[in-house]
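Trainee: I have a structure I would like to understand better, so I am pasting it below and will then ask my questions one at a time.
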Amino acid sequence: MKNQILKLVLFIFVAAFVVSCQEDPLEDIISNDRQFLSFKIEGQVGPSIIKSIGEDSGTIELFALTDNVNLNNITPIFEVSEKGSVSPQEGEAVNFNNNDGSFTYQIVSESGKSRAWTVIINTYDSTLDGNWKVSSLIYDWHIGLNNDWGWGVFGPYDVATSSYDPANYAPEVLAKDFPNVAFEEDNTLEFRTLLINENGNPEGAFSFGAGADNTFSSFVLDPDHKGNVRDYSDRYRQMPEGNGVWEYNELGKVITLWEGNKNGPSVKGDVTVDAQGNITIAFNIWEDAFTWDHWDAESHIQNAYTIYYNFEEDNL
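If you count by mature numbering (1 follows the signal peptide of the UniProt record, and there is no 0), then the sequence shown holds residues -21 to -1, 1 to 295, one letter each, in order.
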């Protein structure tokens, strides 16, 4: 038994010695890598778009609030290929005003190959900034979702494909079920970008006004089918009334709205922009709390999924 243990120890020792004496198969490989892995400047919105072009060139395109950036003196933060050398180096200030907001870096690989990288700074044009007015409020509702007996804005459920036909989708005007929502349809919204935070997200202030009728909708159903007053404001009041602040994730197209300041209540919405530049903010309001205590409009209200605030430019 002792001999077997001794042989095993000896085998492990010899194997480890042989492996340690073998040459690293990658040791003599000379790297040709000459890439920018990341690139960021102060005031930048979102990530940089880094593209190699052919064998010896590439572009880095980014967006920034150029009004708040001194293009004559920018010190980017970046990362390049491990064995590549870059000129100018990280930490050196460069002048982007010499060539219409662009600057060219050179990265030389370990093998001596060179690639010229042209960095282009574009002015960030916010799709949110401006004065808006509510053009419509629509919403999605559906009873018996993913059941062939269900009905609502998604149309009939196709059991064979486990899906709904998009051609049947028809969101409903919210004021049809909530008469008081008509007060919301003349409301005004002002967005202003104030800064770009460390995550590259624009932040700013907003003001959501009551419009010409000086009235916000309370999302009250009066009366319900039992003759009572039923208030759904806690669920449907997504746009904060009055003044607040916001942060917009440009990459994910998600806006966070805070009532008052960032210590106040917040809500997230998905932002889309149409071909005319009009914006829509969609809020998820689904609650899995359906009961058969409903009648007509109340069944729609209780089975709502998404509310859409559609805004068009307000030419004051």
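Don't be surprised by glycine CBs; every beta carbon is placed ideally from N, CA and C.
Pull up the distance between the alpha-carbon of V(-4) and that of I28, whole angstroms please.
Mentor: Confidence at V(-4) is low in this model, with a pLDDT of 49, below 50, so the placement of that residue is unreliable and no value is reported for it.
Trainee: Does DSSP put L236 in a helix, a strand or coil?
Mentor: L236: strand per DSSP, three-state reduction.
Trainee: Kindly indicate the opening and closing residues of the alpha helix (DSSP H) around A276.
Mentor: Counting along the chain, the alpha helix (DSSP H) containing A276 begins and ends at A276 to Q281.
Trainee: Just mark A43 as buried or exposed, buried being the case when its beta carbon has 16 or more other beta carbons within 10 Å.
Mentor: Label assigned to A43: buried.
Trainee: Going by the CB atoms, is the gap between K30 and E291 shorter than 9 Å?
Mentor: It is not a contact, given that the beta carbons lie outside the stated cut-off.
Trainee: Which residue from A139, F133 and F157 puts its Cα closest to that of P150?
Mentor: Nearest of A139, F133 and F157 to P150, Cα basis: F133.
Trainee: Would you report the Cα separation of S60 and D213, rounded to the nearest angstrom?
Mentor: Going from the Cα of S60 to the Cα of D213 covers about 52 Å.
Trainee: Let me confirm a value: V138 is counted as buried when at least 16 other C-beta atoms fall within 10 Å, else exposed. Which label applies?
Mentor: Under this definition V138 is an exposed residue.
Trainee: Tell me where the alpha helix (DSSP H) around S212 begins and ends.
Mentor: Start and end: S212 to Y215.
Trainee: Please report the straight-line C-alpha distance between S186 and N263, rounded to a whole angstrom.
Mentor: Roughly 21 Å between the two C-alpha positions.
Trainee: Of the residues N228, V252, F195 and E164, which one's Cα is nearest the Cα of N176?
Mentor: The shortest Cα separation from N176 among N228, V252, F195 and E164 belongs to N228.
Trainee: Can you give me the Cβ contacts of G25 inside the same chain, cut-off strictly under 6 Å, excluding the 5 residues immediately before and after it?
Mentor: Here the set comprises G179, E229 and L230.
Trainee: Under a Cβ-count criterion, where at least 16 other Cβ atoms within 10 Å of its own Cβ denotes burial, should V(-13) be classed as buried or exposed?
Mentor: Confidence in V(-13) is poor, its pLDDT being 47 and thus under 50, which makes the residue's placement too unreliable to answer from.
Trainee: How would you write the range of the beta strand (DSSP E) that D249 sits in, first residue to last?
Mentor: S245 to V252 is the extent of the beta strand (DSSP E) around D249.
Trainee: Are three or more beta carbon pairs between the region 77 to 84 and the region 239 to 259 nearer than 8 Å?
Mentor: Counting Cβ pairs under 8 Å, fewer than three are found: no touch.
Trainee: When the Cα atoms are used, what is the spatial distance from S197 to R171?
Mentor: Roughly 26 Å separates the two Cα atoms.
Trainee: Would you verify that the beta carbon of V224 is, or is not, closer than 9 Å to some beta carbon of chain D?
Mentor: Going by chain labels, chain D is absent from the structure shown, which holds only one protein chain.
Trainee: Going by the DSSP bridge assignment, what does H121 pair with across the sheet?
Mentor: According to DSSP, H121 bridges with G131.
Trainee: Return yes when the Cβ of L116 is within less than 9 Å of the Cβ of Y287, no when it is not.
Mentor: Yes, they are a contact pair.
Trainee: Can we say the region 120 to 131 touches the region 275 to 287, given the rule of at least three CB pairs closer than 8 Å?
Mentor: Contact holds: three or more Cβ-Cβ distances are below 8 Å.
Trainee: If I measure Cβ to Cβ from K232 and keep anything under 8 Å in the same chain, skipping five residues before and after, which residues do I get?
Mentor: Result list for K232: D249, V250 and T251, in chain order.
Trainee: Look at the alpha carbon of G221 and the alpha carbon of E238, and state the distance between them as a whole number of angstroms.
Mentor: Looking at the two C-alpha atoms, the distance is approximately 8 Å.
Trainee: Kindly indicate the opening and closing residues of the beta strand (DSSP E) around G37.
Mentor: Per DSSP, G37 belongs to the beta strand (DSSP E) from S36 to A43.
Trainee: Runs of 4 residues minimum, wholly inside the region 149 to 228: which ones carry the alpha helix (DSSP H) assignment?
Mentor: Runs of the alpha helix (DSSP H) inside the region 149 to 228: 212 to 215.
Trainee: By a C-beta neighbour count over all protein chains shown, 10 Å radius and 16 as the cutoff for buried, is N289 buried or exposed?
Mentor: Answer is buried; the Cβ neighbour count reaches 16.
Trainee: May I have the straight-line CA-CA distance separating L5 from D12, to the nearest angstrom?
Mentor: With a pLDDT of 48 at L5, under the threshold of 50, the predicted position of this residue should be treated as unreliable, though the coordinate-derived value follows. About 14 Å.
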